[in-house]
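Data first, discussion second: the structure below is written as structure tokens.
In the numbering used here, the protein residues as written are 503 to 632.
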């Protein structure tokens, strides 16, 4: 049985630490980004599968070929998080997690398809992989 692909956005240190944990645990994952600079940083970190997408061009929003499982969106901005939710929700029926330090209304994220909004000060969410 093929293990589902975990999708992660990693625009901050918490997201990058989560990627390091995925690499350590040898879990199949892809990182979603919207810019080349971040893609280069993620490759240096050790991420081999990267989905770079133009967030304003809906024609480019294609579903990854591998079966997508859970999705972890580390919040950088309200706008970009909402856009990633719009892009990713059709990819899977599995849970989508938004990890945030902000006090943005969870209703916005839930309305766009997030199943869980995790508020954290230190960004440690490795427990979600168990």
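For each residue, glycine too, the CB sits at the ideal point set by N, CA and C. Computed from a prediction, not measured in an experiment: that's the story for all the values here.
Nearest-angstrom beta carbon gap, residue j and residue i [assumed within contact, 8 Å]
| i | j | result |
| --- | --- | --- |
| residue 507 | residue 566 | 6 Å |
| residue 602 | residue 621 | 6 Å |
| residue 638 | residue 513 | Missing from the structure shown is residue 638; the chain here goes from 503 to 632 and no further. |
| residue 569 | residue 599 | Wrong, their Cβ atoms sit about 18 Å apart, outside the cutoff. |
Under the three-state DSSP convention, the category residue i falls into
| i | result |
| --- | --- |
| residue 639 | Nothing can be reported for residue 639, as the shown portion of the chain is limited to 503 through 632. |
| residue 555 | coil |
| residue 609 | helix |
| residue 560 | helix |
| residue 594 | coil |
| residue 631 | helix |
Paired residues, beta bridge with residue i - DSSP
| i | result |
| --- | --- |
| residue 565 | Looking at the DSSP assignment, residue 565 forms no beta bridge with any residue, so it has no partner. |
| residue 570 | 507 |
| residue 534 | 553 |
Enclosing beta strand (DSSP E) for residue i [first to last residue]
| i | result |
| --- | --- |
| residue 516 | Segment 515-527 is the alpha helix (DSSP H) holding residue 516; no beta strand (DSSP E) there. |
Residue range of the unbroken alpha helix (DSSP H) whose run includes residue i
| i | result |
| --- | --- |
| residue 602 | Element bounds for residue 602: not the alpha helix (DSSP H) but the beta strand (DSSP E), 598-602. |
Residue environment, residue i, which counts as buried when at least 16 other CB atoms sit within 10 Å
| i | result |
| --- | --- |
| residue 561 | exposed |
| residue 526 | exposed |
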